[in-house]
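*Asks:* According to my numbering, the sequence shown is numbered sequentially starting from 36.
Mind looking over this structure? Questions follow.
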Amino acid sequence: MTLAFIALIIGFALLTWGADRFVIGSAAIARNLGVSPLIIGLTIVGFGTSAPEMLVSAMAAWEDNAGLAIGNAIGSNITNIALILGATALIAPLQVQSTTLRREMPVLLFTMIVALGLMWDGGLSRWDGGILLAGLGLMLVWLVALGSRERRDPMQAEYDAEIPSQMPMLKALFWFALGLTVLVAGSRVLVWGAVTIAQAFGVSDLIIGLTIVALGTSLPELAVSVMSAMKGEHDIAIGNVIGSNMFNLLGVLGLPGLIAPGMFAPEVLTRDFPMMIGLTIVLIVMAYSFKDRPGRINRIEGSALVAAYLGYQAYLYVTSLT
Numbered sequence: 036m037t038l039a040f041i042a043l044i045i046g047f048a049l050l051t052w053g054a055d056r057f058v059i060g061s062a063a064i065a066r067n068l069g070v071s072p073l074i075i076g077l078t079i080v081g082f083g084t085s086a087p088e089m090l091v092s093a094m095a096a097w098e099d100n101a102g103l104a105i106g107n108a109i110g111s112n113i114t115n116i117a118l119i120l121g122a123t124a125l126i127a128p129l130q131v132q133s134t135t136l137r138r139e140m141p142v143l144l145f146t147m148i149v150a151l152g153l154m155w156d157g158g159l160s161r162w163d164g165g166i167l168l169a170g171l172g173l174m175l176v177w178l179v180a181l182g183s184r185e186r187r188d189p190m191q192a193e194y195d196a197e198i199p200s201q202m203p204m205l206k207a208l209f210w211f212a213l214g215l216t217v218l219v220a221g222s223r224v225l226v227w228g229a230v231t232i233a234q235a236f237g238v239s240d241l242i243i244g245l246t247i248v249a250l251g252t253s254l255p256e257l258a259v260s261v262m263s264a265m266k267g268e269h270d271i272a273i274g275n276v277i278g279s280n281m282f283n284l285l286g287v288l289g290l291p292g293l294i295a296p297g298m299f300a301p302e303v304l305t306r307d308f309p310m311m312i313g314l315t316i317v318l319i320v321m322a323y324s325f326k327d328r329p330g331r332i333n334r335i336e337g338s339a340l341v342a343a344y345l346g347y348q349a350y351l352y353v354t355s356l357t
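Below, the structure is given as structure tokens:
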């Protein structure tokens, strides 16, 4: 058991560091190839911060732990909105200025509805996984087109300040390859530790995925959002979560469908999906601009989001004991 907890901690550390190096390397490669900062931010940075979830999901499904993979995808989305954005707003209230974000938020909600429709029969088939991954490809195309049109979006300047512009191509390729290697190793170690702990405590892989694994794989999003908010880059802080959640729904959920298709626990549809959709709707209402109210998440709203996360985690703990 001690070794499993050590593996869990090492896995989280490797995933966090590997994701950071992967994003830096891939963003620098794209910058050297002349890709605009906004496109890099919308696609590569979003994909990079979701890379831990994708690799953990793939590894868990490959080892016949699809429940952990599904729990990781949905739990990460809940963690991103309730804990990460809530905690970030407590540190620095967030204001939404980007028109790109306002266009992404309804797409995120639509993506959730599509994923829910595919999973409504209580299982994830290879067809479902293929449709979700095809949707990921379409989303990337849409984001590139969106980034190409929005030349004056406030996020353009924020990403321009954050993405490395003077990194030799060889060094960028080195960080990209090393980051990817560390991500693979970290995901393997983390899945072994998480499954071992779940078996020792007699809880399901789904619960472990929704709680410990979801929190650990969301650490890159937490780091990006908090650091961005402290620098006054509010649109990046929120955009990071929205983009990551879309990648999780399409990529992280799609992988277990392709690798290990089958039925999943009914609680996913009756408990976890409603929580995720509800939080998404709350986020859209908070962040969207209305005539009498600018789009922002203040400290009171941030406190409410964190309280919702803690309440959900407490509910999972209590129900897992019965």
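Each residue gets a CB set at the ideal place from its N, CA and C atoms; glycine is no exception.
Can the beta-carbon of F282 be found closer than 8 Å to that of S85?
*Replies:* yes
*Asks:* Can you check DSSP and say which residues form a bridge with I332?
*Replies:* L129
*Asks:* Under 8 Å, do V317 and A122 count as touching if we go by C-beta distance?
*Replies:* no
*Asks:* Relative to the C-alpha of L153, which candidate in A349, R306, A322, F299 has its C-alpha closest?
*Replies:* F299
*Asks:* Inspect the beta-carbon positions of A117 and Y323 and report whether they are closer than 8 Å.
*Replies:* no
*Asks:* Can you tell me which residues form a DSSP beta bridge with M298?
*Replies:* G158
*Asks:* Assign G60 to buried or exposed, taking buried as 16 or more other Cβ atoms, counted over all protein chains shown, within 10 Å of its Cβ.
*Replies:* buried
*Asks:* Specify whether the region 231-239 and the region 65-75 touch according to this definition: at least 3 beta carbon pairs, one from each stretch, less than 8 Å apart.
*Replies:* no
*Asks:* If you measure between the beta carbons of I105 and L314, is that distance less than 8 Å?
*Replies:* no
*Asks:* Mind checking which residues open and close the alpha helix (DSSP H) that includes S94?
*Replies:* One detail in the question is off: residue 94 reads as Met in this sequence, not Ser. Looking at the DSSP string, the run of the alpha helix (DSSP H) that includes M94 is 81-97.
*Asks:* Among I45, L73, N107, whose alpha-carbon lies nearest the alpha-carbon of G244?
*Replies:* N107
*Asks:* So, are the CB atoms of R138 and L173 less than 8 Å apart?
*Replies:* no
*Asks:* Classify N115 as helix, strand or coil using the three-state DSSP reduction.
*Replies:* helix
*Asks:* Just reading off the alpha helix (DSSP H) that S263 is part of, what are its end residues?
*Replies:* 254-265
*Asks:* If you follow the alpha helix (DSSP H) that G228 is part of, which residue opens it and which one closes it?
*Replies:* 204-236
*Asks:* Using 10 angstroms around the beta-carbon of D99, count the other beta-carbons present and answer buried if the total reaches 16, otherwise exposed.
*Replies:* exposed
*Asks:* Give every residue of the same chain whose Cβ lies closer than 8 Å to the Cβ of D55, excluding the five residues on either side of it in the sequence, and list them in chain order.
*Replies:* G214, P255, A258
*Asks:* Between which two residues does the alpha helix (DSSP H) containing N280 stretch?
*Replies:* 269-282
*Asks:* Would you check if there are 3 or more beta carbon pairs closer than 8 Å linking the region 157-165 to the region 38-45?
*Replies:* no
*Asks:* Got a sec, what are the start and stop residues for the alpha helix (DSSP H) S61 sits in?
*Replies:* Where S61 is concerned, the enclosing alpha helix (DSSP H) stretches over 37-67.
*Asks:* DSSP state of R187, grouped into three classes?
*Replies:* In this structure, R187 counts as coil in the three-state DSSP scheme.
*Asks:* Check this for me: beta carbons of I109 and S260, under 8 Å apart or not?
*Replies:* no
*Asks:* With 16 other CB atoms within 10 Å as the buried threshold, where does Q191 fall?
*Replies:* The residue is buried, with at least 16 neighbouring Cβ atoms inside 10 Å.
*Asks:* Quick one: give me the first and last residue of the alpha helix (DSSP H) that V317 is part of.
*Replies:* 308-322
*Asks:* Let's test the definition: count the other Cβ atoms within 10 Å of the Cβ of M265 and tell me whether it reaches 16, buried, or not, exposed.
*Replies:* exposed
*Asks:* Taking all protein chains shown into account, do 16 or more other C-beta atoms lie within 10 angstroms of the C-beta of I335, making it buried, or fewer, making it exposed?
*Replies:* Burial call: exposed.
*Asks:* Is the Cβ-Cβ distance between A272 and L129 less than 8 Å?
*Replies:* yes
*Asks:* How about G297 and G158: do their beta carbons lie closer than 8 Å?
*Replies:* Against a cut-off of 8 Å, the Cβ pair of G158 and G297 comes out as a contact.
*Asks:* For M311, which residues of its own chain have a beta-carbon under 6 Å away from its beta-carbon, when the five flanking residues on both sides are left out?
*Replies:* I109, N112, I113
*Asks:* Just to confirm, are I332 and A124 a CB contact at a threshold of 8 Å?
*Replies:* Yes, they are a contact pair.
*Asks:* Figure out for me which residue from E88, L225, P203 has the closest Cα to the Cα of N280.
*Replies:* E88
*Asks:* Considering only the beta carbon of each residue, do L50 and T252 sit closer than 8 Å?
*Replies:* Contact: yes.
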